[in-house]
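Novice:
In our numbering, the protein residues as written are 3 to 150.
(1) For residue 114, count neighbouring C-beta atoms within 10 Å of its own C-beta (all shown protein chains included) and say buried if the count is 16 or more, exposed if not.
(2) With DSSP as the reference, label residue 13 as helix, strand or coil.
(3) Just mark residue 151 as buried or exposed, buried being the case when its beta carbon has 16 or more other beta carbons within 10 Å.
(4) Taking DSSP as the reference, what is the three-state secondary structure of residue 135?
(5) What are the boundary residues of the alpha helix (DSSP H) that includes residue 112?
(6) Using the C-alpha atoms, what's the distance from residue 17 back to residue 53?
(7) Going by beta carbon distance, what residues of the same chain come within less than 6 Å of residue 42, once the five residues before and after it are set aside?
(8) Here's a check: name, in chain order, each residue in its chain whose Cβ is nearer than 7 Å to the Cβ of residue 47, leaving out the five neighbours to either side.
(9) Assign residue 55 to one of three DSSP states: helix, strand, or coil.
(10) Quick one: Cα of residue 89 to Cα of residue 67, how far?
(11) Quick one, which of 111, 78, 98, 10 has its alpha-carbon nearest residue 33's?
(12) What's the C-alpha gap between residue 137 and residue 149?
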C-alpha cells in the first residue's frame with residue numbers, strides 16, 4: 003500500500019498523462035491513487051531519446067494549508083535568527099551604529115539569502131535590546147551601542 007504523498011506523486015507521474023509517456027500501467031485507470039491500486043511496467047513503452055522526460059502530475063498540489071503554515075513558521079523562525087546574527091555581527095564590528103545605517107547594512111548582508119523587511123529588522127533590534135545585547139545611546143535615541 004502506498005501512503006506517502008511523495009510516492010503517490012511519483013507514481014501518478016509515471017502512470018498518468020500522455021499514452022506515449024506512461025512508464026507504468028495502473029489498474030483501475032483513474033487519476034487518484036488508493037492502497038488497492040495495482041501498478042505494472044508498461045512493456046510497450048519506448049523512446050528514441052537517451053534521457054526520457056516525464057511530466058510531473060499534480061496530485062494534491064504540494065503542501066496542504068496546515069503544512070504550508072508550519073513550513074512558513076519554521077522559515078520565519080530561521081530568518082529571525084539570521085537577522086539577529088547579522089545585527090550582532092555588524093554591531094560587534096562597529097560598536098555603535100545609527101538606526102537607518104544598521105537596517106541598510108543588515109539588508110545588504112542578508113540580500114543573498116532573502117530580503118528582510120525593515121519592520122522585521124526593527125523587531126529583532128528591539129528583541130536584542132530586551133536581552134541586553136544592544137542599548138540605545140543616551141545622547142541619541144536613533145543610535146544603538148553594542149554591549150560586549
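For every residue, glycine included, the Cβ atom is placed at its ideal position computed from N, Cα and C.
Specialist: To lay it out plainly:
(1) exposed
(2) helix
(3) Residue 151 is absent from the model: the chain starts at 3 and stops at 150.
(4) coil
(5) 101–112
(6) 18 Å
(7) 27
(8) 24, 25
(9) coil
(10) 33 Å
(11) 10
(12) 7 Å
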